[in-house]
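One structure is given below, encoded as structure tokens.
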Amino acid sequence: MIVTRKIGSLIRGKTTPFQIYAACILGALIGFIPSFSHAPALVAFWILLLLVLNANLFLAGIVLLLSKLVLLLAMPLVFAIGRFLLEGPTQGLFKALINAPVTAYSGLDYYAVAGGQLLALILGFALAFVLKRSITNYRKKMMVVSEDSARLKKYNEKLWVKALKFLFLGKGRGKKSYEELLSVKMGNPIRIWGLAIVVLLGAVIGLGFSKLSAPLLTSLAKSNLETANGATVDLESVDLSFGESKLEVLGLALADAQNLDTNIFSSKRIVADVNTADLLRKRFSIDNLVIEDAASGDARETPGVQIGPKPKTDSKIEMPDFDDLDSVLENADVWKERLAQAKRWLEQMTAGGEEAQETLTWREELNSRIRALGHANVKADFLTEGSPTLWIRRIEAKGIKTPYFEGALLDLNGADLSTHPALAAAAPTLSLVADNQKFDARLSLAGASGTGTNDLKMLLKQVAVDPLASKIKSDGNPPVSGGSMDIDLSGVIGTAANDLVAKVTFDGTQARIGGNPVDLDGITLPLQIRGPLDRPGIKLESDALQKLAGAALKKKATEEVSKKLGLEGDEAEAAGKLLDGLFKKKK
29 MIVTRKIGSL
39 IRGKTTPFQI
49 YAACILGALI
59 GFIPSFSHAP
69 ALVAFWILLL
79 LVLNANLFLA
89 GIVLLLSKLV
99 LLLAMPLVFA
109 IGRFLLEGPT
119 QGLFKALINA
129 PVTAYSGLDY
139 YAVAGGQLLA
149 LILGFALAFV
159 LKRSITNYRK
169 KMMVVSEDSA
179 RLKKYNEKLW
189 VKALKFLFLG
199 KGRGKKSYEE
209 LLSVKMGNPI
219 RIWGLAIVVL
229 LGAVIGLGFS
239 KLSAPLLTSL
249 AKSNLETANG
259 ATVDLESVDL
269 SFGESKLEVL
279 GLALADAQNL
289 DTNIFSSKRI
299 VADVNTADLL
309 RKRFSIDNLV
319 IEDAASGDAR
329 ETPGVQIGPK
339 PKTDSKIEMP
349 DFDDLDSVLE
359 NADVWKERLA
369 QAKRWLEQMT
379 AGGEEAQETL
389 TWREELNSRI
399 RALGHANVKA
409 DFLTEGSPTL
419 WIRRIEAKGI
429 KTPYFEGALL
439 DLNGADLSTH
449 PALAAAAPTL
459 SLVADNQKFD
469 ARLSLAGASG
479 TGTNDLKMLL
489 KQVAVDPLAS
499 KIKSDGNPPV
509 SGGSMDIDLS
519 GVIGTAANDL
529 VAKVTFDGTQ
539 ARIGGNPVDL
549 DGITLPLQIR
559 GPLDRPGIKL
569 ESDALQKLAG
579 AALKKKATEE
589 VSKKLGLEGD
599 EAEAAGKLLD
609 GLFKKKK
């Protein structure tokens with residue numbers, strides 16, 4: 029009943045053309061913003077303007093809901109309009125707004141926000157025009173009818189007319205005549221009580237900002253971290269002290285998207301020295317970030333929840349002589365999901381760099397980001413100028429606990445990590461080293477900053493062979509068994525293409541080649557890894573296979589010769605060296 033009478037008040041009430049236009053346009057502008065976290069300043073501004081202007085709030089609410097529905101259905105179109113605005117003739121205007129104080133929080137660097145605002149203006153104006161014209165025509169017709177009192181009386185006595193008037197208008201049918209309603213074009217444009225609310229709200233926020241900032245920052249940080257992580261993020265609080273220029277994060281735990289019972293990372297306390305002067309330009313410049321009581325792989329008290337769809341990967345590779353993960357590993361799906369998540373993180377770390385553009389066209393790069401993030405979350409990072417939106421000049425975490433390296437503690441160090449590496453002072457670097465020296469990984473993202481290539485160096489020592497070999501596809505028996513291995517991985521890494529070499533050196537390990545056991549002690553096998561990060565191709569060098577085959581034949585031949593000739597001890601060893609020389613010549 030309330031809804032129908034609200035509709036009736038639009039037709040018979042005192043609603044002016046100004047109220048209709050203001051309601052339709054502002055409702056559409058708010059509705060076409062994907063979420064508050066995308067454009068907090070823009071959402072706040074439109075809502076405050078809706079309160080201050082004497083717009084019809086009921087109509088604005090209806091238009092807002094309709095606009096949300098249209099946004100969901102027409103997201104590809106909205107994205108395309110955003111591309112035209114951010115990459116076309118209006119790019120300069122948007123670049124100025126994106127890098128200016130306060131307006132930097134308007135979210136106009138999101139294609140969906142920029143395109144949505146233009147479409148909102150068009151649809152809001154069109155809807156207001158149609159609605160205003162319809163109401164005006166109705167009032168004109170009713171004014172003509174009201175001039176003929178006999179006709180109006182007969183008309184009002186009809187049962188269905190009485191029912192509709194009660195449903196839409198109630199007992200009060202308006203004190204003004206249709207002629208008076210038609211004469212009003214604008215009325216009072218300001219809502220007095222709305223203006224009072226805005227002033228009061230501003231005072232409350234100004235006085236209580238210290239109390240309101242922590243919940244707001246916590247909510248925004250949690251939302252963005254869950255989008256990036258793809259799973260639940262627990263966060264106790266985020267507090268920013270302007271006086272001390274410090275940011276404190278308490279109780280952070282990121283659920284592992286591939287194993288929701290564990291955390292991929294957790295920390296009891298994170299402290300950062302923040303440059304507060306950059307905050308108005310949406311620049312989070314952190315001089316030093318210290319992570320305390322960190323852990324990885326620890327069990328969660330309650331399982332996490334998947335956020336968004338799992339990254340999709342294509343197992344097909346187009347490289348001759350290379351095998352994909354499905355043909356090598358029995359648990360290939362787990363590895364592909366891990367690598368897809370790593371690719372998404374690397375894309376975020378290398379945004380604005382040149383690595384992706386070297387191998388992909390801009391359209392292909394956009395499609396890749398859309399698949400990983402969705403239309404609503406893709407940004408035009410190249411429009412950011414001056415400095416990165418997030419810049420961590422130094423990060424340090426000592427003694428990270430993890431079950432993956434038999435109780436070893438890890439030390440994490442990083443420098444110049446940012447959302448826009450090309451705008452930072454130096455190439456981003458990251459290192460993770462175990463205190464027992466069994467793990468050492470170093471990553472340099474010079475390719476992201478446009479000063480070189482993205483280089484990865486990783487050393488794993490004394491890795492047990494049997495757990496890994498049991499996951500390798502073979503003829504029913506593990507291809508290698510026993511002992512341990514050292515893995516030395518190095519090369520160029522990227523989201524679109526990799527060129528890595530893994531040198532695997534065995535210690536006390538045996539392989540089976542042609543049904544014969546072969547001792548791999550001290551032998552190093554080089555593996556080539558190429559292709560996209562989420563679906564790499566793996567190739568074992570032919571020289572390495574020849575070396576293994578030669579070792580198997582030499583061992584078998586030495587045993588046969590020694591057995592037939594009755595050689596033992598030094599004589600058998602000498603025969604082995606003689607055969608070794610022959611094998612080298614016939615290699």
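Quick note: the sequence shown uses the working numbering, first residue 29, plus one each step.
C-beta atoms are modelled at their ideal positions from N, C-alpha and C, and glycine is treated no differently.
For Y138, DSSP records a beta bridge to K407.
Between T457 and L473, the C-beta spacing is below 9 Å. Residue nearest to D483 within the set S459, Q465, K499 and S498 is S459 (criterion: CA-CA distance). Non-local C-beta neighbours of A452 in its own chain, meaning closer than 7 Å and more than five positions away in sequence, comprise P416, W419, D444, S446 and S477, ordered along the chain. Scanning the segment 467–549 for uninterrupted alpha helix (DSSP H) segments of 4 residues or longer gives 474–477 and 493–497, listed from N- to C-terminal end. The continuous stretches of alpha helix (DSSP H) do not include E413, and DSSP gives it neither H nor E. Taking C-alpha positions only, F293 is separated from A281 by approximately 6 Å. The beta-bridge partner set that DSSP reports for A462 consists of L438. Apart from sequence neighbours up to five positions away, the residues of its chain that approach D494 with a beta-carbon distance below 8 Å are P506, S509 and G510, ordered along the chain. If you draw a 10 Å sphere on the C-beta of V406, you find 16 or more other C-beta atoms in it, and that means buried.
Look at the beta carbons and you see the segment 265–276 touching the segment 241–249: at least three pairs across the two are nearer than 8 Å. Counting along the chain, the unbroken alpha helix (DSSP H) around R111 starts and ends at M103 to E115. Three or more pairs of CB atoms, one per stretch, sit closer than 8 Å, so the segment 64–78 contacts the segment 120–134. Remark: C-beta atoms of D514 and T533 approach each other more closely than 9 Å. Look at the beta carbons and you see the segment 109–127 touching the segment 142–150: at least three pairs across the two are nearer than 8 Å. In this structure W74 is buried. Its beta-carbon is surrounded by 16 or more other beta-carbon atoms within 10 angstroms.
With a cut-off of 8 Å on Cβ pairs, the segment 122–129 is not in contact with the segment 74–92, counting fewer than three such pairs. Ranked by Cα distance from N291, the first of K310, L278 and A327 is A327. Distance check between A425 and each of V461, G435 and W390 places V461 closest, using alpha-carbon atoms only. Taken in chain order, the complete beta strand (DSSP E) segments of 3 residues or longer contained in the segment 265–295 are 274–284. Inclusion of G59 and L105 in the CB contact set at 9 Å is not warranted, their separation being larger than that value. Between A154 and V91, the C-beta gap is not smaller than 9 Å, which leaves the two residues out of contact. The C-beta of T537 has 16 or more other C-beta atoms within 10 Å across all chains shown, which makes the residue buried.
Contact check for L517 against R558 fails: the beta carbons are separated by 9 Å or more. Residue nearest to V277 within the set G230, S295 and L288 is S295 (criterion: CA-CA distance). In the displayed model, S313 falls within a strand according to three-state DSSP.
Around the Cβ of P62, a 10 Å sphere holds 16 or more other Cβ atoms; the residue is buried. In this structure, the alpha-carbon of A492 lies about 52 Å from that of L308. Cα atoms of K567 and A530: separation of roughly 10 Å, rounded to the nearest angstrom.
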